[in-house]
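Below: the structure, in structure tokens.
Residue numbers (my numbering): 11 to 195.
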């Protein structure tokens with residue numbers, strides 16, 4: 011039997027590859043590319059880069075460990091979601107999550123936002139909603155919300171460099187997207 015490698019989840023795999031290339035670019039520019047293009051932060055509303063970064067912050071990562079931590083769950087959950095919802099809808103979930111997490115973070119935090127963890131949390135909640143039907147709430151959804159988002163709310167009470175706000179907002183956005191998708195069926 012001859013085996014061939016299949017590009018089975020084009021949006022998920024392309025996103026992971028673009029993130030890897032962004033990480034390499036950041037390394038080659040000694041952090042300048044992240045500062046210029048990939049950190050969502052408060053900025054001049056007259057600057058097009060302020061709006062661009064609301065989307066591109068999910069592509070940048072500060073280190074290999076940061077990238078790998080996000081991509082492990084992203085690559086585990088993403089292909090299943092892309093198969094269920096389709097490439098176009100999953101790309102829309104990523105874009106909406108990037109915009110919402112970036113905008114909320116810029117409104118509420120003076121710090122910059124970098125990384126795909128908001129998208130990962132959106133995927134976690136969206137995955138737990140795959141069996142969501144009108145009038146029914148999957149117990150797995152309740153447990154995931156309590157465990158993942160509850161942990162982030164509690165962790166947000168301590169000061170560290172992790173944006174629990176992006177995690178919570180990403181999870182809520184994923185839940186909202188799942189709810190909308192269930193309503194279309």
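Glycine included, C-beta positions come from ideal geometry on N, C-alpha and C.
Note that the structure is predicted; figures quoted are calculated from it, not measured.
Would you call residue 37 buried or exposed, if buried means 16 or more other Cβ atoms sit within 10 Å of its Cβ?
Burial call: exposed.
Identify whether residue 56 lies in helix, strand or coil by the three-state DSSP scheme.
Note: residue 56 maps to coil in three-state DSSP.
Is residue 174 buried or exposed, if buried means 16 or more other CB atoms sit within 10 Å of its CB?
When all chains shown are included, residue 174 counts as buried.
When you compare only the Cα positions, how much space is there between residue 256 and residue 142?
There is simply no residue 256 to check, as the chain begins at 11 and stops at 195 in what is shown.
Please confirm whether residue 70 and residue 48 have their CB atoms less than 8 Å apart.
Cβ distance < 8 Å, so residue 70 and residue 48 count as in contact.
For residue 63 and residue 107, what's the separation of their Cα atoms in angstroms?
Distance between the alpha carbons of residue 63 and residue 107: 13 Å.
Closer than 7 Å by C-beta to residue 150: which residues in its own chain qualify, once you throw out the five before and the five after it? Chain order, please.
For residue 150, where only same-chain residues beyond five positions count, the Cβ hits under 7 Å are 138.
Closer than 6 Å by C-beta to residue 158: which residues in its own chain qualify, once you throw out the five before and the five after it? Chain order, please.
Counting only Cβ-Cβ distances below 6 Å, and skipping sequence neighbours, we find 134.
Go through the region 113-174 residue by residue and report every complete run of the alpha helix (DSSP H) that reaches 4 residues or more, in order.
Segments of the alpha helix (DSSP H) lying fully in the region 113-174: 127-138, 149-154 and 160-165.
For residue 19, which three-state DSSP category applies?
Three-state DSSP puts residue 19 in coil, outside helix and strand.
Measuring only between beta-carbons, confirm whether residue 159 sits less than 8 Å from chain C.
No chain C appears in the structure shown, which is made up of a single protein chain.
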